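The structure appears right after this line, and notes come after that.
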Amino acid sequence: MARLPTLKPRLSAPLPKLQAPKDEAGRSRFRDANTPGRAMMRSRKWRGDDAGVGGLRWHILKRDLFTCRICGAVHADTRMLEADHIVPHKGDPRLFWDKDNLWCVCGDCHRTVCQRIEARHAGYPDLIREAKAQAAKGGPIPG
């Protein structure tokens, strides 16, 4: 039986369009350049300054009495709390700095409930707002 000739591939392997750097500092610079709103999140207006004057994040945590608006957990350690954007800002400064679009949630609720809602209703800000309001009332959490 005759052997079939092996054909050479006509296409080369595609190169990735985005390639994040391997080191942590490089990845951070890459995220800063490619993530909308990341520069605002790192600003003193958001974080506060070294003299102890709090920024918008601190204002939101104080306004909500350091209490998670979803599960009701109270944390004295503010590293355990997030000032979450109810409707994701996607780099829009108007939504980012709007105090009515921010609430205090614990890290666990932010990583589970909030991100699940945002993933499920991506692109539909009114549905995200309704689902988060329902979660704050103790309603069913979308699965």
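Numbering-wise (full-length UniProt numbering), the sequence shown opens with residue 1 and increments by one.
We treat Cβ as the ideally placed atom computed from N, Cα and C, and that holds for glycine.
Values in this document were obtained by computation on a predicted structure and should not be read as measured data.
Min CB distance residue i to chain C below 8 Å
{"i": "R29", "result": "No chain C is part of this structure, which consists of one protein chain only."}
Exposure label - residue i; buried when at least 16 CB within 10 Å
{"i": "V113", "result": "buried"}
{"i": "E118", "result": "buried"}
{"i": "L56", "result": "buried"}
{"i": "D32", "result": "exposed"}
{"i": "L4", "result": "exposed"}
{"i": "D84", "result": "buried"}
{"i": "E24", "result": "exposed"}
{"i": "L61", "result": "buried"}
{"i": "L11", "result": "exposed"}
Reduced DSSP category for residue i - H, G, I as helix; E, B as strand; rest coil
{"i": "T112", "result": "helix"}
{"i": "H85", "result": "strand"}
{"i": "T78", "result": "helix"}
{"i": "G72", "result": "coil"}
{"i": "G139", "result": "coil"}
{"i": "G37", "result": "coil"}
{"i": "G55", "result": "coil"}
{"i": "G123", "result": "coil"}
{"i": "G26", "result": "helix"}
8 Å Cβ shell around residue i - same chain, five flanking residues per side excluded
{"i": "A76", "result": "F66"}
{"i": "V87", "result": "L95, N101, P125, I128, R129"}
{"i": "R42", "result": "D32"}
Bridge partners - residue i, DSSP secondary structure assignment
{"i": "W103", "result": "D84"}
6 Å CB neighbourhood of residue i in its chain, flanking five on each side removed
{"i": "A73", "result": "C106"}
Cβ shell of residue i (< 7 Å), same chain only, five flanking positions each side left out
{"i": "H121", "result": "L127, I128, A131"}
{"i": "R47", "result": "G55, R57"}
{"i": "H89", "result": "G37, L95, F96"}
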